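Let me begin by presenting the structure, written as structure tokens, before commenting on it.
There are 2 protein chains.
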Amino acid sequence: MRSPPPPHFQSTVSVQKLRRFNTLILVFRLCSFCFSLAAAIFMFTNSHGSHSPSWRDFEALRFVMAANAIVAVYSFAEMGVSIWEILKGNTLFPETVQVWFDFGHDQVFAYLLLSAEAAGTALVWTFRGGEICTAVNTFCVQSYISIGLGFAGFFFLGFSSLLSGFRVVAFIINGSRFHL
Amino acid sequence: MRSPPPPHFQSTVSVQKLRRFNTLILVFRLCSFCFSLAAAIFMFTNSHGSHSPSWRDFEALRFVMAANAIVAVYSFAEMGVSIWEILKGNTLFPETVQVWFDFGHDQVFAYLLLSAEAAGTALVWTFRGGEICTAVNTFCVQSYISIGLGFAGFFFLGFSSLLSGFRVVAFIINGSRFHL
């Protein structure tokens with residue numbers, strides 16, 4: 001009677017754990033993609049006729065739009081990478097490159113998105129009670145919604161960054177993603 | 001003829017390395033303290049008579065002032081902790097608490113300071129060419145300087161955060177700060 005060898009058993013458990021971990025990352029990526037895409041679209045459509053204010057007139061709103069679009073594209077690409085890893089059981093790039101790439105970009109884009117949202121918030125604060133909101137209230141409301149969605153995108157990106165940071169540490173300790 | 005035992009020799013090298021590492025952290029802390037304190041003072045004194053604009057009238061500038069003050073206090077405390085560690089060769093709190101405390105607070109305060117500076121920048125952008133800068137130009141210039149100093153403080157805080165993150169990883173791997 002042969003029982004399966006312990007290393008193989010160990011490895012199966014690790015693979016299951018890793019798959020669960022990767023699925024969690026994928027969910028966070030999906031959320032940050034949805035929120036930042038929605039924020040970018042809300043901001044992009046935020047112009048109401050040629051005599052009304054447009055997001056293009058304000059640096060801070062252009063920054064919000066750009067940062068959200070960048071994060072949406074990045075999250076979409078990272079979703080593809082995650083799905084590849086879940087399906088194939090292997091990272092797209094070599095493992096060392098992949099874990100550091102993910103963590104580094106998560107950190108930088110989280111700082112970028114947060115500063116964009118903070119800048120946008122400070123700008124729309126100055127609109128309150130001013131001419132712009134009285135004349136075209138939709139412009140202000142749409143800006144608020146876009147910035148709110150962007151903050152939600154930032155939170156999910158922050159969670160992804162925590163998980164990919166954890167992955168870097170696990171990788172440094174064990175030399176592999178497999179032993180979580 | 002007796003030669004010093006290898007473990008002791010190893011430990012001496014590690015202690016020297018650790019001391020150099022701690023000195024580097026101390027320098028970064030000192031820089032972030034100086035810059036954020038200067039930024040807070042520049043903002044705090046940025047009010048020119050009762051009929052002129054004051055930093056208290058703008059949420060974003062109050063946020064810049066508060067964030068810089070918090071970071072200055074935190075950096076000052078962390079300088080004390082670093083000096084203690086360099087002199088006594090031991091962390092002030094238990095080692096696990098200390099490394100996670102440093103890293104966690106560095107991260108949170110870096111995000112806080114960056115968002116404050118971004119908000120401040122977005123606000124002072126709206127001043128350009130407006131009444132406020134024409135009437136009291138000093139107010140605008142002083143705001144610019146304060147925000148610039150705050151960004152410098154953020155960079156040094158970010159460097160400290162990298163080093164304390166490295167310390168956390170070293171601590172997790174070796175169970176001690178000593179083997180860098």
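For the record, the sequence lines run as chains A and B.
Each step along the first sequence adds one to the number in the UniProt record's numbering, with nothing skipped, and position 93 is 93.
Each step along the second sequence adds one to the number in the UniProt record's numbering, with nothing skipped, and position 180 is 180.
No residue lacks a Cβ here, since even glycine has one placed at the ideal position from N, Cα and C.
In this text, all values refer to a predicted model and were calculated from it rather than measured experimentally.
Buried versus exposed, by CB contacts within 10 Å (16 or more), residue i
| i | result |
| --- | --- |
| residue 3 of chain A | Interpretation of residue 3 of chain A is limited by its pLDDT of 49, a score under 50 that renders its predicted location unreliable; the figure taken from the coordinates is listed afterwards. Exposed, because fewer than 16 other Cβ atoms sit within 10 Å of the Cβ of residue 3 of chain A. |
| residue 135 of chain B | exposed |
| residue 98 of chain B | buried |
| residue 78 of chain A | buried |
| residue 102 of chain B | buried |
| residue 108 of chain A | exposed |
| residue 29 of chain B | buried |
| residue 128 of chain A | exposed |
| residue 167 of chain B | buried |
| residue 13 of chain A | exposed |
| residue 25 of chain B | buried |
| residue 9 of chain A | Per-residue confidence for residue 9 of chain A stands at a pLDDT of 49, beneath the threshold of 50, marking its modelled position as unreliable; the derived number appears in the next sentence. The residue is exposed, with fewer than 16 neighbouring Cβ atoms inside 10 Å. |
| residue 6 of chain B | At residue 6 of chain B the pLDDT is 46, less than 50, meaning the model places this residue with poor confidence; the figure from the coordinates comes in the next sentence. Burial call: exposed. |
Inter-residue spacing [alpha-carbon to alpha-carbon] between residue i and residue j
| i | j | result |
| --- | --- | --- |
| residue 142 of chain A | residue 149 of chain B | 33 Å |
| residue 20 of chain A | residue 85 of chain A | 12 Å |
| residue 35 of chain B | residue 73 of chain B | 12 Å |
| residue 184 of chain A | residue 90 of chain B | The displayed coordinates of chain A run from 1 to 180. Any statement about residue 184 of chain A would go beyond what the structure contains. |
| residue 80 of chain A | residue 94 of chain B | 42 Å |
| residue 157 of chain B | residue 37 of chain A | 31 Å |
| residue 96 of chain B | residue 164 of chain B | 12 Å |
| residue 110 of chain A | residue 161 of chain B | 15 Å |
| residue 155 of chain A | residue 32 of chain A | 8 Å |
| residue 175 of chain A | residue 169 of chain B | 14 Å |
| residue 137 of chain A | residue 56 of chain A | 17 Å |
| residue 16 of chain A | residue 172 of chain B | 24 Å |
| residue 159 of chain A | residue 152 of chain A | 11 Å |
| residue 130 of chain A | residue 115 of chain A | 24 Å |
| residue 18 of chain A | residue 100 of chain A | 17 Å |
| residue 63 of chain B | residue 59 of chain A | 20 Å |
| residue 83 of chain B | residue 92 of chain B | 10 Å |
| residue 113 of chain A | residue 132 of chain A | 25 Å |
| residue 54 of chain B | residue 42 of chain A | 34 Å |
Interface flag, residue i vs chain A, CB-CB below 7 Å
| i | result |
| --- | --- |
| residue 173 of chain B | yes |
| residue 61 of chain B | no |
| residue 69 of chain B | no |
| residue 99 of chain B | no |
| residue 169 of chain B | yes |
| residue 40 of chain B | no |
| residue 119 of chain B | yes |
Residue i versus the options, residue with shortest Cα-Cα distance
| i | options | result |
| --- | --- | --- |
| residue 145 of chain B | B:46, B:76 and B:128 | B:46 |
| residue 65 of chain A | A:133, A:169, A:40 and A:32 | A:40 |
| residue 88 of chain A | A:175, A:22, A:171 and A:173 | A:22 |
| residue 61 of chain A | B:125, B:55, B:67 and B:44 | B:125 |
| residue 76 of chain A | A:44, A:120, A:63 and A:27 | A:27 |
| residue 123 of chain A | A:100, A:147 and A:71 | A:147 |
| residue 105 of chain B | B:131, B:70, B:83 and B:92 | B:70 |
Contact with chain C by residue i, beta-carbon distance below 7 Å
| i | result |
| --- | --- |
| residue 115 of chain B | Absence of chain C from the displayed structure is noted, the protein chains being A and B. |
Closer than 7 Å to chain B by CB, residue i
| i | result |
| --- | --- |
| residue 111 of chain A | yes |
| residue 134 of chain A | no |
| residue 124 of chain A | no |
| residue 66 of chain A | no |
| residue 180 of chain A | A caution first: residue 180 of chain A carries a pLDDT of 48, below 50, which makes its placement in the model unreliable, though a value can still be read off. Chain B contact via Cβ: absent. |
Presumed contact (8 Å Cβ cut-off) between residue i and residue j, rounded CB distance
| i | j | result |
| --- | --- | --- |
| residue 51 of chain B | residue 139 of chain B | Going by Cβ atoms, the distance from residue 51 of chain B to residue 139 of chain B rounds to 12 Å, so no, they are not a contact pair. |
| residue 119 of chain A | residue 121 of chain B | 6 Å |
Any non-hydrogen atom of the ligand ATP within 6 Å of residue i CB
| i | result |
| --- | --- |
| residue 75 of chain B | Absent from the structure shown: the ligand ATP. Ligands present: none. |
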